[in-house]
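Residue 20 is where the sequence shown starts when you use our numbering, and the numbers rise one by one after that.
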Amino acid sequence: MPRAKLVVLISGSGSNLQALIDACEDRQLDADIVLVISNRADAFGLQRAREAGIENDCIDHKQFACREEFDRALAERINACTPDLVILAGFMRILTPAFVTQFYGRLVNIHPSLLPKYPGLDTHQRAIDAGDSYAGATVHFVTPELDGGPPILHVRVPVQLDDSADSLAARVLEYEHQLYVEAVRWFVAGRLRLENGSAVLDGKTLPANGNRYAQ
Ligand code: GRF
Numbered sequence: 020m021p022r023a024k025l026v027v028l029i030s031g032s033g034s035n036l037q038a039l040i041d042a043c044e045d046r047q048l049d050a051d052i053v054l055v056i057s058n059r060a061d062a063f064g065l066q067r068a069r070e071a072g073i074e075n076d077c078i079d080h081k082q083f084a085c086r087e088e089f090d091r092a093l094a095e096r097i098n099a100c101t102p103d104l105v106i107l108a109g110f111m112r113i114l115t116p117a118f119v120t121q122f123y124g125r126l127v128n129i130h131p132s133l134l135p136k137y138p139g140l141d142t143h144q145r146a147i148d149a150g151d152s153y154a155g156a157t158v159h160f161v162t163p164e165l166d167g168g169p170p171i172l173h174v175r176v177p178v179q180l181d182d183s184a185d186s187l188a189a190r191v192l193e194y195e196h197q198l199y200v201e202a203v204r205w206f207v208a209g210r211l212r213l214e215n216g217s218a219v220l221d222g223k224t225l226p227a228n229g230n231r232y233a234q
């Protein structure tokens, strides 16, 4: 079977991208990242792609009159490499329903909360403010509802008494790297799909918050 083709979209540091690059390189993932796109030219993740010899591009959303035009350009660039899976890894743009629908079932995201709790921004501060005992991260299929698509896999990370949003984010991020590689591995092995609005692994519908990652 040919290796799966992945496209990764980023906006920033790209540490999740790096985890995926490393997993492809050491054959933990039977896949190749064929393109990395950032909407910001200064994203450090673009440097990571260059260092790994991966084709990369900046498509600056500010150069487009509206969200729809940006998404059309993005989709065109992605489709040119016929990817099996499009991976959002810290991509900080809300995608239009037209874009999401086009990639339905082959578009995934990682969100730094235990979904369905805390969609959107400031997830770790919100968990601390609510007095939650656990924070975490969730990999999910992307649907037009922001951070609302079917969860695939989540990790629970205890909140410590002296945690700031930053310290908690840093601890969760380490797990994100493992979580994302695991979920992508399922997809490229043909074990994971989106079916009738649910995430299905090995023919079984996953729980509403996705499988729990065994730490
Ligand atoms: C991660 O916390 C991810 O969950 C969120 O954005 C952050 C990206 O981090 N969507 P990085 O760019 O992968 O280091």
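C-beta: ideal position from N, C-alpha, C; glycine also.
It should be emphasised that the depicted structure is a prediction, and the values quoted were computed from it without experimental measurement.
I need the straight-line Cα distance from residue i to residue j, nearest angstrom please.
| i | j | result |
| --- | --- | --- |
| L211 | R86 | 30 Å |
| D103 | P138 | 26 Å |
| S132 | I147 | 11 Å |
| V161 | F63 | 24 Å |
| P169 | Y123 | 12 Å |
| P177 | G33 | 24 Å |
| E44 | Q66 | 17 Å |
| D141 | A154 | 12 Å |
| L36 | N128 | 12 Å |
| V53 | A117 | 23 Å |
| G222 | A208 | 13 Å |
| L192 | M20 | 32 Å |
| G167 | L107 | 14 Å |
| D182 | Y199 | 24 Å |
| P163 | V105 | 15 Å |
| A99 | L213 | 23 Å |
| N215 | H80 | 32 Å |
Output needed for residue i: all residues of its chain with C-beta closer than 8 Å, excluding positions within five of it in sequence on either side, in chain order.
| i | result |
| --- | --- |
| Q144 | A184 |
| Q197 | A38, V174, Y232 |
| R69 | N75 |
So, using beta-carbon positions, are residue i and residue j closer together than 8 Å?
| i | j | result |
| --- | --- | --- |
| L220 | E201 | no |
| I29 | V55 | yes |
| L126 | T157 | no |
| P91 | N58 | It is worth fixing the name first, because residue 91 is Arg in this sequence and not Pro. No, these two residues do not count as a Cβ contact at 8 Å. |
| A50 | A23 | yes |
| R204 | L25 | no |
| I40 | A71 | yes |
Spell out the partners DSSP gives residue i in its beta bridges.
| i | result |
| --- | --- |
| I73 | Partner(s): none; I73 has no beta bridge. |
| A218 | L213 |
| P177 | Y153 |
Among residues of its own chain, excluding the 5 on either side of residue i, which ones have a beta-carbon nearer than 6 Å to its beta-carbon?
| i | result |
| --- | --- |
| G31 | A62, G109 |
| I73 | I52, V55 |
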